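Novice: If you scroll down you'll find the structure; I have some questions about it.
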């Protein structure tokens, strides 16, 4: 499996000009800039664009036609086939350079056998999660009343859990009544439902550079046009943010405020205020993804707290702190948007998962949870220090020292390409997160994101050290 | 709550011409025939369309503008506002006649307090589900290894559950290897992911008339154009099916084969064969939704069994037979479509719910499951007989005698409008399923769908009897 995908990578990265042209067309189809029935660029013009000969483009188009991705109409040219989007989505993974594919880290991490090491993944190892609490919650649930075990959840989701979330948000300065909160199956589903509600195909969405790679994958699935603004240690670069709003009038901005993924940066109050003023001026809606909230030692600024859920929508989940096996997330938004969200949730997933909601409620109510989180924050803090020391010894420098969380965003020495290091590590069953999967502008070639909770095995540093030594 | 929605219904159904014009515009926006930035019909032309005066249209447009649904551009006309889709989706429920809204039954059923009676809903009462098995499964899981309780599921889903599903499909004559099966959070999410993979906005999709109402809601969310063909006791009307394929070239057909929702009809082998031949001729892909499979007494024809998963995609779920609280469904499809589906699943929900998958696996492996299903089928069969007798006594006639399942599709006497009966029943806290929520062509005004497992309380028949007596 692993050796197979490596082989395919080599074929395409080192590969021929024909594969390069094929990959470029596939990427346009996967990215929806070419869709079913669209005419492909003429052979002559595309040869110019790609800086190859016309015969290379002819060969590439012929092979794509043989695969059914495009169709030749004699005398008229080549057109995207009606099932091309399906084919392109399935092909874009293995055939393109997976190191810069937004699915790369997710798929490698989710497919990884438990024996593999995953310093690139975005979650805690099972042994860091509240295992005892989870087992207690399951036993408690095994004695619950029938409906808890058998019925769909209510459209908004379990009322006592929404009340609890409302109180917890209040502790972070965000006012949201329980009827402004809708439970979802996950933080990802929360953003997906919001995109369904707020976006039309072709709308522009602003993200941070770098940002969580799955935002790119999700926005592609919504046929949105994605633009990005560089992230600084205090939040987005405000000058460039203003310019992006002026030039592109994005409909949405998706970001993390408290513990930014992947950088670990924290939004400053002054940046928060300026971002909100600009959002108001340009009619921008903001999705604030706060799934790492419980990892904070002290409360830092939230856009939703300043804005009062007017143009900011706040989302969260319990996958990072309780369990990724019991899926449960939520949306807190203006009451007048909640009705539309309920309809979309029913249309696309019918009832929510009541069992997961009951488990999360049990776990959060359990007296052990706050103690567990306290200990977990200390443990992460220690791990952050230790991993920083070990990385620095290899010449790998954190971009900043995060106040909290799991992630260290690090620059490799000597302009080494992180994608090369990640591919090499994968051969040794180590999943890394190379910088450019987080960067729409592909501006993070020399970066890696480390999850400090997944770096306990020293093989991680041995393999990194050898890989860097070979490249210096 | 109930009295409120009844009041709004009366206002709009009995309501003024202005509300009618407003409702028509809202419906076009909700149905995506008008989208953000589109110009509205001119006042004069729309007055002609709606057979009202121009001053009525002026008033309706002004009110919609005041609500922010549309915007006036002086000298140019009225345009759909950028957040109109969100507003329209949230407004279409209460303001239009909810009895013909595809969300009506779902929302009333899911929002119902447990004290309410729900003969219109689509699932079994908790007491009919394998309660003991579920409690055993939860206790077993509370002793499972850490990853089962803490980690995301693999992208395809828990391997032993996929093997078990593959074997069970084999028993129904459908050949699908475990790597052709992907777990989803629900049957609904399965269809949603397939729509994401296979549809472009504006593509045409064929459904049965009548069909499960949520197909309409889901396809609307995908901006698909929906057409329908009448369903007969042996499957779709083949002549009209052929004509629909010739005239509209739909990309997809979504249907149930074994126990059709809402009619309880069973596809005949000869219809199955003709549908598949037509599908091949016109390049049609078919989604066969088989979530009621385990209710069958004897195996009836499946399109996927005849076709061998070439152009048929088969989906299933466990919400109807095990638990609606532990969400788990699946897709069985051509191997070359599975890769694209994995990417879409990751992009829109990241990891699957491993806990639900582990619970379903435990329940299905439990020796008690087959015995439970045997008893359940007998119980449903008895209930079907009893409910049929009680309905006939009220002059309510089943359209056919289903071979199995939960549903009776029934015609009211004397051309009584089922929507009126359903609204009246709701005042008495009884949720019915009026025919037209299942019918794109609005051809089922005189029908109701009954779930025989939810008809044990004789108040259902008392209220029905009184409502019919008043109308005869």
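Residue numbers (our numbering), protein chains in the order written: chain C, 2 to 473; chain X, 2 to 473.
Glycine included, each C-beta is placed from N, C-alpha and C at the ideal position.
Every value quoted in this text rests on a predicted model; they were computed, and no experiment measured them.
For residue 175 of chain C, which residues in chain D fall below 7 Å Cβ to Cβ?
Specialist: Of the chains in the structure shown, none is chain D; the protein chains are C and X.
Novice: Output, in chain order, the set of chain X residues within a Cβ distance shorter than 7 Å of residue 71 of chain C.
Specialist: For the purposes of this step, residue 71 of chain C is taken as residue 70 along the first chain, with counting starting at 1. Result: empty, since nearest Cβ-Cβ is about 16 Å, beyond 7 Å.
Novice: Can you tell me where the alpha helix (DSSP H) with residue 161 of chain C in it begins and where it stops?
Specialist: Locating residue 161 of chain C in the first chain gives position 160, counting from the first residue. It spans 160 to 172 - the alpha helix (DSSP H) in which residue 161 of chain C sits, taken as one unbroken run.
Novice: Taking all protein chains shown into account, decide if residue 355 of chain C is buried (16 or more other Cβ within 10 angstroms of its Cβ) or exposed.
Specialist: Your numbering for residue 355 of chain C matches position 354 in the first chain. It counts as buried.
Novice: If you compare alpha carbons, which of C:77, C:451 and C:120 is closest to residue 42 of chain C?
Specialist: Against the first chain, residue 42 of chain C aligns to sequence position 41. Out of C:77, C:451 and C:120, C:77 has the C-alpha closest to the C-alpha of residue 42 of chain C.
Novice: If I follow the unbroken alpha helix (DSSP H) through residue 226 of chain X, where does it start and stop?
Specialist: For the purposes of this step, residue 226 of chain X is identified with residue 225 of the second chain, where counting begins at 1. Not the alpha helix (DSSP H): residue 226 of chain X falls in the beta strand (DSSP E), residues 226 to 233.
Novice: Counting only Cβ-Cβ distances shorter than 7 Å, please list the residues of the stretch 127 to 158 of chain X near chain C, keeping chain order.
Specialist: Listed in sequence order: 127, 128, 130, 132, 135, 136, 139, 140, 142, 143, 147, 148, 149, 150, 151, 152, 153, 155 and 156.
Novice: Kindly say whether residue 190 of chain C, judged by its beta-carbon, lies nearer than 8 Å to any beta-carbon of chain X.
Specialist: Counted from its first residue, the first chain places residue 190 of chain C at position 189. Residue 190 of chain C counts as touching chain X.
Novice: To which residues does DSSP link residue 283 of chain C through a beta bridge?
Specialist: In the first chain, the residue the question calls residue 283 of chain C occupies position 282. Note: residue 283 of chain C sits in no beta bridge, so no partner.
Novice: Is the stretch 404 to 423 of chain C touching the stretch 444 to 454 of chain C in the sense that three or more CB pairs, one from each, lie closer than 8 Å?
Specialist: Taking 8 Å as the limit for Cβ pairs, the verdict is that the stretch 404 to 423 of chain C does touch the stretch 444 to 454 of chain C.
Novice: Please say whether residue 188 of chain C and residue 318 of chain C have beta carbons closer to each other than 8 Å?
Specialist: Residue mapping note: residue 318 of chain C aligns to position 317 of the first chain, counting from 1. Residue mapping note: residue 188 of chain C aligns to position 187 of the first chain, counting from 1. In contact: residue 318 of chain C and residue 188 of chain C (Cβ atoms closer than 8 Å).
Novice: For residue 476 of chain X, collect the residues of the same chain with a Cβ closer than 6 Å to its Cβ; drop the 5 residues on either side in sequence, then sort them by chain order.
Specialist: In the structure displayed, chain X extends from 2 to 473; residue 476 of chain X sits before or after that span and is not available.
Novice: Distance check for residue 350 of chain X and residue 193 of chain X, CA to CA, integer angstroms please.
Specialist: Counting from one through the second chain, the residue named residue 193 of chain X turns up at place 192. Counting from one through the second chain, the residue named residue 350 of chain X turns up at place 349. If I take the Cα positions, the gap works out to 12 Å.
Novice: Spatial neighbours of residue 256 of chain C within its chain, please: CB distance less than 6 Å, with the 5 preceding and 5 following residues excluded, ordered by chain position.
Specialist: Position 255 of the first chain, counted from the start, is the residue given in the question as residue 256 of chain C. 209.
Novice: If you draw a straight line from the alpha carbon of residue 381 of chain C to that of residue 117 of chain C, how long is it in whole angstroms?
Specialist: One-based indexing of the first chain puts residue 381 of chain C at position 380. One-based indexing of the first chain puts residue 117 of chain C at position 116. Cα-Cα distance, rounded: 21 Å.
Novice: Hey, is residue 233 of chain C's beta-carbon within less than 8 Å of any beta-carbon in chain X?
Specialist: Within the first chain, the letter at position 232 stands for residue 233 of chain C. Not an interface residue.
Novice: Are the C-beta of residue 267 of chain C and some C-beta of chain X separated by less than 8 Å?
Specialist: By 1-based counting over the first chain, the position of residue 267 of chain C is 266. No, its Cβ sits nowhere closer than 8 Å to a Cβ of chain X.
Novice: Roughly how far, in whole angstroms, is the beta-carbon of residue 39 of chain X from the beta-carbon of residue 81 of chain X, given that I think they are within contact range, below 8 Å?
Specialist: Here the question's residue 39 of chain X lines up with position 38 in the second chain. Here the question's residue 81 of chain X lines up with position 80 in the second chain. That belief holds up - the Cβ atoms of residue 39 of chain X and residue 81 of chain X are roughly 5 Å apart, short of 8 Å.
Novice: Residue 112 of chain X touches chain C at which residues, Cβ-Cβ below 7 Å?
Specialist: Taking the first residue of the second chain as 1, we reach residue 112 of chain X at position 111. Correct list: 155 and 156.
Novice: Check whether the Cβ of residue 329 of chain X lies closer than 7 Å to any heavy atom of the ligand FMN, and answer yes or no.
Specialist: In the structure on display, the ligand FMN does not appear, and there are no ligands present to speak of.
Novice: Alpha carbon to alpha carbon, how far is residue 72 of chain C from residue 93 of chain C? Give it in angstroms, no decimals.
Specialist: Working through the first chain from its first residue, we reach residue 93 of chain C at position 92. Working through the first chain from its first residue, we reach residue 72 of chain C at position 71. Only weak support is given to the placement of residue 93 of chain C: the predicted model assigns it a pLDDT of 34, under 50, and the question is left unresolved by the model.
Novice: Looking at C-alpha atoms only, which residue of C:402, C:394 and C:377 is the closest neighbour of residue 127 of chain C?
Specialist: Taking the first chain and counting its residues from 1, one reaches residue 127 of chain C at position 126. Out of C:402, C:394 and C:377, C:377 has the C-alpha closest to the C-alpha of residue 127 of chain C.
Novice: Please confirm if the stretch 197 to 213 of chain C is in contact with the stretch 305 to 313 of chain C, defined as three or more CB-CB distances below 8 Å between the two stretches.
Specialist: Touching, no, given that fewer than three Cβ pairs across the two stretches are closer than 8 Å.
Novice: For the beta strand (DSSP E) that contains residue 318 of chain X, what are its first and last residues?
Specialist: To locate residue 318 of chain X, count along the second chain from 1; it is residue 317. Here the beta strand (DSSP E) through residue 318 of chain X covers 313 to 318.
Novice: Taking the straight line between their C-alpha atoms, what separation do you get for residue 322 of chain X and residue 160 of chain X?
Specialist: On the second chain, residue 322 of chain X is found 321 positions in, with the first residue counted as 1. On the second chain, residue 160 of chain X is found 159 positions in, with the first residue counted as 1. For residue 322 of chain X and residue 160 of chain X, the distance between alpha carbons rounds to 21 Å.
Novice: For the beta strand (DSSP E) containing residue 133 of chain C, name the first residue and the last one.
Specialist: Numbered from 1 along the first chain, position 132 holds the residue referred to as residue 133 of chain C. No beta strand (DSSP E) contains residue 133 of chain C, which is instead part of the alpha helix (DSSP H) from 132 to 142.
Novice: Give a yes or no on whether the C-beta atoms belonging to residue 105 of chain X and residue 264 of chain X are separated by under 8 Å.
Specialist: Taking the first residue of the second chain as position 1, residue 105 of chain X is located at position 104. Taking the first residue of the second chain as position 1, residue 264 of chain X is located at position 263. No, they are not a contact pair.
Novice: Do residue 270 of chain X and residue 237 of chain X have their beta-carbon atoms positioned less than 8 Å apart in this structure?
Specialist: As a working note, residue 237 of chain X is residue 236 in the second chain. As a working note, residue 270 of chain X is residue 269 in the second chain. No; because the gap between Cβ atoms is not below 8 Å, this pair is not in contact.
Novice: Can residue 145 of chain X and residue 359 of chain X be called in contact, C-beta distance under 8 Å?
Specialist: Along the second chain, read from residue 1 onward, the residue named residue 145 of chain X stands at position 144. Along the second chain, read from residue 1 onward, the residue named residue 359 of chain X stands at position 358. A contact, by the Cβ cut-off of 8 Å.
Novice: In chain C, which residues lie with their C-beta within 9 Å of the C-beta of residue 452 of chain X?
Specialist: On the second chain, residue 452 of chain X is found 451 positions in, with the first residue counted as 1. By Cβ distance, chain C contributes nothing, its closest Cβ being about 14 Å from residue 452 of chain X, past 9 Å.
Novice: Please confirm if residue 98 of chain C has its CB atom under 8 Å from at least one CB of chain X.
Specialist: For the purposes of this step, residue 98 of chain C is taken as residue 97 along the first chain, with counting starting at 1. In this prediction, residue 98 of chain C scores a pLDDT of 43, lower than 50, which makes its location untrustworthy; no coordinate-derived value is stated.
Novice: Within 10 angstroms of its Cβ, does residue 300 of chain X collect 16 or more other Cβ (buried), or is it exposed?
Specialist: Taking the first residue of the second chain as 1, we reach residue 300 of chain X at position 299. The residue in question, residue 300 of chain X, is exposed, as its Cβ has fewer than 16 Cβ neighbours within 10 Å.
Novice: Can you name, in chain order, every residue of its own chain whose Cβ lies under 8 Å from the Cβ of residue 228 of chain X, other than the five neighbours on each side?
Specialist: Position 227 of the second chain holds residue 228 of chain X. For residue 228 of chain X, where only same-chain residues beyond five positions count, the Cβ hits under 8 Å are 205, 206, 207, 208, 245, 249, 251 and 441.
Novice: Please go through the same chain and pick out, in chain order, the residues whose beta-carbon is closer than 8 Å to the beta-carbon of residue 463 of chain X, but skip the five residues on each side of it.
Specialist: As a first step, residue 463 of chain X must be located in the second chain, where it is residue number 462. Result list for residue 463 of chain X: empty, nothing under 8 Å.
Novice: Give the range of the alpha helix (DSSP H) segment to which residue 196 of chain X is assigned.
Specialist: Residue 196 of chain X sits at position 195 when you count from the first residue of the second chain. It spans 188 to 199 - the alpha helix (DSSP H) in which residue 196 of chain X sits, taken as one unbroken run.
Novice: If you pair each beta-carbon of the stretch 177 to 184 of chain C with each one of the stretch 328 to 344 of chain C, do three or more pairs fall below 8 Å?
Specialist: Touching, yes, given that three or more Cβ pairs across the two stretches are closer than 8 Å.
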